[in-house]
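Trainee: The structure that follows is given in the form of structure tokens.
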Amino acid sequence: MSYHNPYTPPRKSATFDDYTLAEIRRAAATGIYDIRGAGTKRKVPHFDDLLFLGASISRYPLEGYREKCDTSVVLGSRYAKKPIVLKTPITIAGMSFGALSGNAKEALGRGATIAGTSTTTGDGGMTDEERGHSQTLVYQYLPSRYGMNPKDLRRADAIEIVVGQGAKPGGGGMLLGQKISDRVANMRNLPKGIDQRSACRHPDWTGPDDLEIKIMELREITDWEKPIYVKVGGARPYYDTALAVKAGADVVVLDGMQGGTAATQDVFIENVGMPTLACIRPAVQALQDLGMHRKVQLIISGGIRSGADVAKALALGADAVAIGTAALVAIGDNDPHWEEEYQKLGTTAGAYDDWHEGKDPAGITTQDPELSKRLDPVAAGRRLANYLKVMTLEAQTIARACGKNHLHNLEPEDLVALTIEASAMAQVPLAGTSWIPGKGGF
Ligand SMILES: Cc1cc2nc3c(=O)[nH]c(=O)nc-3n(C[C@H](O)[C@H](O)[C@H](O)COP(=O)(O)O)c2cc1C
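My numbering puts the first residue of the sequence shown at 5, with every later residue one more than the last.
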């Protein structure tokens, strides 16, 4: 006879929660791993776990309406004859044409240009619309070499050598067949409609010495004019930053594990890499140890959403940040306006992450000509510019409240942490104490 316990409700396992059970069943039914877009969905320590202190008696705030707080940044001042000068330290991260529609790429260029910042190409090359509408365009040089050509290297304003991405350090890119249109195939010199997997490492280098040679080649091909960035996924930020600097980088781009992707294995997105928050201080330490902080600029990305995030990244020592996912949301991705269509795809606006499938109702992560037409690049560009303006103003407001007349004057001393984890990672004291784990204090 079965025994029914009338006192306690059925208890679900925290280890085998509903999502985990469903994923085991999905794997058992299909025999394939899950691929998706976007970044880490589980909660890891992040900028939300930090707070600014603001000024009071011991610090003197700046008056918002009368006293200036500069937001400009110069990127590539180490060797490049033509460094990049931006009005705001918020740049648009590299996102490929192929992953994104031509209209989306154009919208990013338009928005960045209005806001006085840069945008970046991606795996798959530079489109004419993107070049034409981006005042400052960074050209990615990737392991895949898809869309790479020397002419575009020279048309760019800076070059970003991609070693890795935060969503998948050590992994390569993916673009599934349904998004390989004639134009995408043509730009990548590959057949239409067939899944493309990009290499996880550059074919012609086996270590940091080869990176040095590569940087030198790119400088020569561009007459030492363009800043050379090196982008790495957050894995070993101290040593990766130090090696990039030694190899001759003008700028290091460090992308934490929350960083978005167009298409990667879920197991990779959720389990490989370091939280953005944990990457910044070791990278800054490496720059300081080499006497290169502020001489080689540091761009941080991975989960940046607001002016507060920007201010926190800068206070921890970054020179600028890059945004991917938030820029896509600003131009219209995952918008509840398309909810009915998201539901037909078996999802909901806020959770939609099948960016690799090319069926994006908002016309952004697709190559379908009908869907792409839904995105008006002019209006979308304006939305992005508004968003960038708001974030810049938010960061400025915080900086003034901390008594700083430039965003770069924010410092770790302006911050406290809400959790022990964030305190250890950001190396700022736990709120209400002077204690930093591993460093003493009361
Ligand atoms: C749709 C999409 C496409 C991307 N394509 C590339 C790419 O081609 N090359 C690259 O280095 N990173 C790529 N990324 C990663 C971004 O450059 C950036 O590192 C990341 O989006 C930053 O994190 P965030 O999305 O949380 O802002 C892509 C990201 C997204 C969302």
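Glycine included, C-beta positions come from ideal geometry on N, C-alpha and C.
1) Checking the sheet assignment: what are the DSSP bridge partners for D74?
2) Taking DSSP's pairing of strands, which residues face A97 in a bridge?
3) If you draw a straight line from the C-alpha of N193 to the C-alpha of G151, how long is it?
4) From R387, Y83 and A108, pick the residue whose C-alpha is nearest to that of E224; which is it?
5) Mapping the DSSP letters down to three states, classify F56 as helix, strand or coil.
6) Just how far apart, CA to CA, sit A108 and G177?
7) Under a three-way DSSP split, which group does T401 fall into?
8) Once the 5 residues before and after V325 are set aside, which same chain residues still bring their CB inside 8 angstroms of it?
9) Grab the span of the beta strand (DSSP E) containing I424 for me, first residue to last.
10) Would you list the residues sitting across from L419 in a DSSP beta bridge?
11) Out of V77, I232 and S105, point me to the one whose CA is closest to A384's CA.
12) Along the chain, which unbroken stretches of the beta strand (DSSP E) at least 3 residues long are found entirely within the region 205-270?
13) Should D227 be flagged as near chain B, meaning a C-beta pair shorter than 9 angstroms?
14) Is the beta carbon of Q169 within less than 8 angstroms of some heavy atom of ligand 1?
15) At a threshold of 8 angstroms, does M130 count as lining ligand 1 (C-beta to nearest heavy atom)?
16) Between D337, S376 and P373, which lies nearest to D357 when the distance is taken from Cα to Cα?
17) For G444, list the residues DSSP reports as bridge partners.
18) Which of the three DSSP states is assigned to H137 in this structure?
19) Is T95 near ligand 1, judged by its Cβ being under 8 angstroms from some heavy atom?
20) Count the other CB atoms within 10 Å of the CB of K218; is the residue buried (16 or more) or exposed (fewer)?
21) What do you reckon, is the C-beta of V99 under 8 angstroms from a heavy atom of ligand 1?
22) Taking the straight line between their C-alpha atoms, what separation do you get for R285 and A203?
23) How close, in whole Å, do the beta carbons of P49 and A426 come, if the pair is a contact with beta carbons under 8 angstroms?
24) With a threshold of 8 angstroms (Cβ to nearest heavy atom), would S138 be considered close to ligand 1?
25) Does DSSP classify M514 as helix, strand or coil?
26) Rounded to whole angstroms, what's the CA-CA distance from H412 to M191? Just pull it up for me.
27) If you run the structure through DSSP and keep just helix, strand and coil, what is S305?
28) Find the nearest neighbour of G170 within the set F20, I61, T329 and P212, judged by alpha-carbon distance.
29) Look up L104 in the DSSP assignment and give the residues it is bridged to.
Mentor: A quick look at the data gives this:
1) H410
2) A97 pairs with nothing; no bridge assigned.
3) 8 angstroms
4) Y83
5) strand
6) 19 angstroms
7) helix
8) P93, I94, T95, I303, I304, S305, I308, D313, V314, A317 and L318
9) That residue, I424, is in no beta strand (DSSP E); its alpha helix (DSSP H) goes I424 to A430.
10) F56
11) S105
12) 232-237 and 255-259
13) Absent from the structure: chain B. Only one protein chain is present.
14) yes
15) no
16) D337
17) I440
18) helix
19) no
20) buried
21) It is Met, not Val, that sits at residue 99 in the sequence shown. Yes, the beta carbon of M99 sits closer than 8 angstroms to at least one heavy atom of ligand 1.
22) 29 angstroms
23) 5 angstroms
24) no
25) Residue 514 lies beyond the residue range present for the chain, which begins at 5 and ends at 446; the question has no answer from this structure.
26) 39 angstroms
27) strand
28) T329
29) F101
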